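Those sequence lines, one after another, are chains F and H. Each residue of the first sequence is one higher than the one before, starting from 1 at the first, in the working numbering. Each residue of the second sequence is one higher than the one before, starting from 1 at the first, in the working numbering. The block underneath contains the structure these notes are about, expressed in structure tokens.
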Amino acid sequence: MLFESNTLFQVALSAALIGCICGMSGSILTLKNAVSAAYAVSFASLPGLVLPFLLISTVKHWALLSGVAFFGTAAALQLLFFINKKNRDAFTALIMTLSFGFGMLLLSAAEHYPGAAQIDLHRFLIGDAAVNITADIRLLGYTAISVFALFILFWKEIIAVAFDPEFARSSGIPAKFFEALAAILLAVSVLTGLEAIGVIFIGTLITVPSIAARQWTNDTGAVFILAIGFAAIAGCAGSVAAALLPGLPTGAAVTLFVCSFALISFLIAPSHGILWREFRKKHILREPDNTKLLKLLRSLSAQQEPLQGKGHSISLINALFGGDDEVDSILLELKVKGLAADNEQGFWYITRDGEEYIDTVRHKPSKKVR
Amino acid sequence: MINPRAEIIIIILLTAIACIIPGIFLIKKRLAVYSCGIISSTLLGITAAYGLFKSLDLPPAILLAAAISAGIVICMDKLEKRAIPRIHLNGVIPPFIFSVALVFISFSPDLELNMDMDTILLGELVFLPLDRLTFFGFDLGPLAIYQLLGVIALNISILVFFGKEIVFSMFDANYSLMIDHSEVRSRFALLLATVITAIVAFRVTGIIMIAGLIIAPAFIAALFTNRLWLIIILAGFIGIISNLAGYAAAHTLEITISAAMITTLGIIFLITLIIAPARGLLTKQRLKKQGEIDKVIALTAAHLLRFESDGRGELPSKLTWGKDFVNTALNKGEDYFTAGEQGYILTERGRALAHAVIAGCKLPDKLP
């Protein structure tokens with residue numbers, strides 16, 4: 001049944017919509033540097049998922065999901081407002097693990113209940129793409145559009161509050177309201193993706209796309225749009241892969257896709273990526289380093305007038321230069337250019353050419369490089 | 001052979017003790033969330049060890065799992081040096097590794113036999129007494145007890161060898177560098193201890209809840225006191241109590257032991273958070289209110305000093321702070337001003353306070 005193109009399309013589309021919603025709410029978290037809050041909220045929603053089942057023993061989805069929404073929002077509010085910076089790290093970790101434990105306790109209690117077989121609560125842990133076959137695409141679409149509209153309407157305020165709540169408050173923006181809005185959006189995105197992606201993995205789909213997007217650009221709007229794109233593609237690809245390969249947990253597949261986007265971004269993204277930094281270090285930073293070292297050699301030789309030409313040991317130069325282990329290679333480069341030389345004892349000194357070079361460079365303004 | 005129930009109790013007590021030392025240092029160095037990530041990524045090492053050795057019983061298997069996890073820690077450190085923020089790395093790498101391990105498990109029937117989802121998430125505490133250490137035919141008890149004893153010895157040695165370095169780097173990173181204590185080295189030792197503890201105790205509670213078992217007792221103890229040795233004792237006490245209570249609850253209610261242990265910890269955590277003597281929410285609330293009253297008293301004293309020149313005293317009714325609140329403050333501030341004929345008159349202490357407030361242009365945190 002899954003191989004029918006129509007069904008597969010349904011799975012892919014609803015997963016992409018879930019990805020959109022998650023990506024949008026996650027970009028606030030990345031701005032706030034509160035990535036781990038997403039995990040805390042998603043784990044905190046686990047007790048909320050099981051509790052309605054235990055209390056009113058219903059399998060109706062609205063009851064389950066409103067429980068999720070309640071616990072998730074409560075945890076998000078807790079994290080975003082009430083906890084001071086000093087303890088936030090430990091609190092986040094505690095909310096994560098303790099509420100997960102409580103959720104597992106309720107799950108194991110639910111197994112004794114008659115009717116537990118009707119609903120596979122374990123599915124909520126690692127996700128199941130098959131849920132998307134019956135997903136209400138129209139509802140998901142409306143949710144995505146309304147969340148997007150909220151962001152467009154209050155863009156300035158949301159960004160201001162996320163960057164600097166104090167500043168936002170002082171300039172008349174109701175910061176509490178927008179923080180609460182961010183928390184509710186977080187809970188909504190957990191809620192939409194919970195069944196298809198799973199409690200354990202929904203946090204990744206929320207945060208990682210915006211982390212990946214953050215590597216490519218510094219512009220907040222671009223991060224937002226890129227995050228939506230990454231999350232939609234990853235959600236879609238992961239769900240389709242899980243639907244086609246039986247036995248593959250959907251959440252794990254989605255996580256694999258979205259995390260590989262992030263890893264690739266870490267590697268090749270311009271201006272933040274590792275390869276880019278390496279490249280820039282070699283080709284741009286080199287020149288000022290050479291000049292700086294040459295100037296150091298010159299000032300050393302100036303202090304040491306009578307011993308002209310005797311030079312200094314590499315370890316001394318290294319210490320004075322700032323302990324960079326590239327000093328050796330820079331010195332060799334200078335030697336090749338004939339600007340510096342070493343004697344038999346391995347002591348380095350500046351040549352006359354080098355001094356002339358310094359004099360020519362000195363009056364040019366040096367290029368500023370980060 | 002003692003009865004399996006007693007053996008399970010011994011195992012959970014030893015688990016509580018093994019978790020104390022990493023927990024305290026992780027809390028103090030603010031590595032709690034980071035360590036959650038690292039602990040969840042130990043699943044890859046555990047999977048590899050299961051794949052190669054078919055069990056996690058023998059030291060080589062544990063060492064392999066620990067080595068893979070240590071490799072992950074080192075990789076994350078290297079990446080962090082390449083100017084990728086730790087918070088981003090921590091959001092990406094551990095989930096990636098966790099899901100890679102999960103994919104391995106779900107596609108290898110051999111692995112799935114040993115590690116189904118329930119083992120990963122809940123542990124298999126009930127089956128632990130079945131793995132026994134035998135020595136020339138003598139039954140020496142469950143293997144897990146000896147593994148946990150080894151982990152406790154390792155953690156104590158970490159405390160002895162690196163405790164001072166960790167404490168120094170916690171308080172003053174520059175000073176610790178100056179006396180040749182490497183922050184990187186001590187942090188790595190701490191994370192290694194955490195990882196080994198998690199790998200061995202993984203079968204007790206599962207991969208996610210073990211982080212709670214490590215962090216929560218230490219954090220609860222740190223709410224009570226600042227002294228390291230007291231935190232160690234208190235954390236051990238809390239861990240043992242909660243594990244025992246969780247076991248008892250699980251036994252009577254027929255629920256999963258590990259989840260019950262964590263839930264008990266959660267209940268203790270909530271209670272402590274509210275009633276802890278110095279850092280609890282109740283104390284904080286009271287101190288906040290006290291601080292507000294102090295401020296009102298100080299401001300009233302300054303106000304009275306400003307207008308007392310005609311000698312009649314002044315009624316601070318012009319202060320728009322809310323009538324009830326001002327009345328409370330005036331009643332509490334008897335030492336500083338007394339009711340005169342037409343209003344309040346400053347006493348000697350009140351005068352001193354008012355002068356101090358005006359001279360300092362700042363409200364005191366606590367009244368003299």
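Ideal Cβ positions, reconstructed from N, Cα and C, are used throughout, including at glycine. Being a predicted model, the structure only gives us computed values, none of them experimental.
- At least one beta carbon of chain H lies nearer than 8 Å to the beta carbon of isoleucine 126 of chain F.
- Counting other Cβ atoms within 10 Å of its Cβ, proline 52 of chain F reaches 16 or more and is therefore classed as buried.
- The C-beta distance from threonine 194 of chain H to isoleucine 39 of chain H rounds to 7 Å, short enough to fall under 8 Å.
- From the listed residues F:Ala319, F:Ile274, F:Lys295, F:Ile314, the smallest Cα separation to leucine 339 of chain F is found for F:Lys295.
- With a cutoff of 8 Å on beta-carbon distance, threonine 73 of chain F and isoleucine 184 of chain F are scored as near each other.
- In the three-state scheme derived from DSSP, where H, G and I count as helix and E and B as strand, histidine 312 of chain F is classed as strand.
- Under the three-state reduction of DSSP output, tyrosine 336 of chain H falls in the coil class, being neither helix nor strand.
- For glycine 23 of chain F, the enclosing alpha helix (DSSP H) covers residues 5–32.
- Closest in alpha carbon position to alanine 34 of chain F, among F:Glu344, F:His272, F:Glu179, is F:Glu179.
- Judged by DSSP secondary structure, aspartate 128 of chain F falls outside any alpha helix (DSSP H); it is assigned neither H nor E.
- Alanine 218 of chain H carries a helical assignment under DSSP once its states are collapsed to helix, strand and coil.
- Contact fails between the stretch 185–193 of chain H and the stretch 10–19 of chain H, because fewer than three Cβ pairs, one in each stretch, are under 8 Å apart.
- Assignment of leucine 245 of chain F by DSSP, reduced to helix, strand and coil, places it in the coil class.
- Judged by DSSP in its simplified three-state form, threonine 351 of chain F adopts coil rather than helix or strand.
- Under the three-pair Cβ rule at 8 Å, the stretch 234–251 of chain H does not count as touching the stretch 166–176 of chain H.
- When secondary structure is reduced to three states using DSSP, isoleucine 208 of chain H falls in the coil class, being assigned neither helix nor strand.
- The C-beta distance from isoleucine 126 of chain F to glycine 251 of chain F rounds to 5 Å, short enough to fall under 8 Å.
- Under DSSP, proline 142 of chain H takes part in a beta bridge, and its partners are H:Arg132.
- Assigned with DSSP and collapsed to three states, isoleucine 84 of chain H falls in coil, not helix or strand.
- Leucine 226 of chain F and alanine 93 of chain F have their C-alpha atoms roughly 28 Å apart.
- Using a Cβ distance threshold of 8 Å, serine 25 of chain F and isoleucine 137 of chain F do not count as a contacting pair.
- Contact with chain F is absent for phenylalanine 25 of chain H, since none of that chain's Cβ atoms lies less than 8 Å from the residue's Cβ.
- According to DSSP, residue pairing for isoleucine 345 of chain H in a beta bridge involves H:Thr338.
- Within 10 angstroms of the beta-carbon of valine 160 of chain H lie fewer than 16 other beta-carbons, which makes it exposed.
- When the alpha-carbon of glycine 311 of chain F is set against those of F:Glu333, F:Asp342, F:Lys292, F:Ser329, the nearest one is in F:Asp342.
- Residues of the stretch 82–94 of chain H that bring their beta carbon within less than 9 Å of a beta carbon in chain F comprise Arg82, Ala83, Ile84, Pro85, Ile87, His88, Leu89, Asn90, Gly91, Val92, Ile93, in sequence order.
- Within the stretch 261–273 of chain F, contact with chain H at the beta-carbon level (separation under 8 Å) is assigned to Ala262, Leu263, Phe266, His272.
- Remark: C-beta atoms of alanine 6 of chain H and leucine 148 of chain H do not approach each other more closely than 8 Å.
- When beta bridges are read from the DSSP output, aspartate 342 of chain F appears opposite F:Trp348.
- Neighbours of valine 131 of chain F across chain H, judged by C-beta separation under 7 Å, do not exist; the nearest C-beta is about 17 Å away.
- Close partners of alanine 93 of chain F in chain H (Cβ separation under 7 Å): Ala32, Val33, Cys36, Ala211, Ile215.
- Closest in C-alpha terms to methionine 104 of chain F, from the list H:Leu111, H:Ile10, H:Met209, H:Thr283, comes H:Met209.
- At a C-beta separation below 7 Å, leucine 265 of chain H has these neighbours in chain F: Leu98.
- The Cβ neighbour count for leucine 56 of chain H, taken over all protein chains shown within 10 Å, is at least 16; the residue is labelled buried.
- Boundaries of the alpha helix (DSSP H) harbouring isoleucine 257 of chain H: 257–275, taken from the DSSP string.
- When the five nearest sequence neighbours on each side are left out, the beta carbons in the same chain lying within less than 7 Å of the beta carbon of phenylalanine 98 of chain H are those of Ser40, Ser41, Leu43, in order along the chain.
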